[in-house]
Amino acid sequence: VDIQTNGTNALVIDTSQNATFAGDITVADRLLINATAAGSPYVSFDQNGTEKAYIQYADSGDNFILQSDNIISFQTGGATEKMELSAAGAVTIKGSATPRIILTPSSGSTLTGTIYQEADKINIGRLGVIDIITVDLGGNVGIGGTPSRKLDVRDTSNTQATILAYNQGASF
């Protein structure tokens, strides 16, 4: 089936039920792709006949796949709020707010951990409660507070911290 405008094919449906559109497709509400068939719906983004990226819902295991040549990017709130996964496996979180990685157990625990960057330091702690470990740009590590030297252990209960050194299992 060929539908033409001004002598040019605007829509072609071949005998295998593949459709080719000559222009843009505008959808007012939603676009359903392979919605009633079994399998994995797939949207391909091609340029000059070469696939550059795709989005797919994989029916096995309820997986959502977003694939491009070198970087997978999840973006919200404009171009500055995003998470990227590079082909080399590096995960980058960018944002105008404080970027955070939140670790939440699937069940059995109420402890939620967080890792986030703040100005010139990285903090590891319990979400919304306390920063447990802080690492600054100079490589200083603080436990219980912001470090002022290579290893800074702070304890507000006035107990004594003990550091044990081990070398291949033998105590010094």
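-2 is the number of the first residue of the sequence shown in my numbering; add one for each residue after it. Glycine included, every Cβ here is placed at the ideal spot set by N, Cα and C.
Query: Measuring straight from C-alpha to C-alpha, what distance separates Phe169 and Leu148?; Result: Low confidence applies here, because Phe169 scores a pLDDT of 46, under 50, leaving its location unreliable; read the following figure in that light. Computed Cα separation, rounded: 19 Å.
Query: Considering only C-alpha positions, which residue in the set Ile121, Glu81, Leu8 and Phe18 is nearest to Val138?; Result: Ile121
Query: Give me the residue from Gly46, Asn45 and Tyr51 with the minimum Cα distance to Ala39.; Result: It should be pointed out that residue 39 corresponds to Tyr in this sequence rather than to Ala. Among Gly46, Asn45 and Tyr51, the Cα nearest to that of Tyr39 belongs to Tyr51.
Query: Have a look at Leu134, Ser83 and Pro96 and flag the residue whose alpha-carbon is nearest the alpha-carbon of Asn67.; Result: Ser83
Query: In the DSSP assignment, find the unbroken beta strand (DSSP E) run with Asp128 in it and report its ends.; Result: Ile127 to Asp133
Query: Sort Arg123, Gln14, Ala16 and Ser13 by Cα distance to Thr101 and report the nearest one.; Result: Arg123
Query: Tell me whether Thr111 is buried or exposed, calling it buried when 16 or more other Cβ atoms sit within 10 Å of its Cβ.; Result: buried
Query: Bridge partners for Gly110 per DSSP, in chain order?; Result: Leu100 and Arg123
Query: For Thr17, count the other beta carbons within 10 Å of its own beta carbon; 16 or more makes it buried, fewer makes it exposed. Which is it?; Result: exposed
Query: At which residues does the beta strand (DSSP E) containing Val40 begin and terminate?; Result: Tyr39 to Gln44
Query: Counting only the same chain and skipping the five closest in sequence on each side, list residues whose C-beta sits under 6 Å from that of Thr89.; Result: Glu81
Query: Among the residues of its own chain, which have a CB less than 7 Å from the CB of Ile0, if the five just before and after it don't count?; Result: Ala7 and Leu8
Query: Whose C-beta lies closer than 8 Å to the C-beta of Thr153 among residues of the same chain, with five residues either side of it excluded?; Result: Gly141
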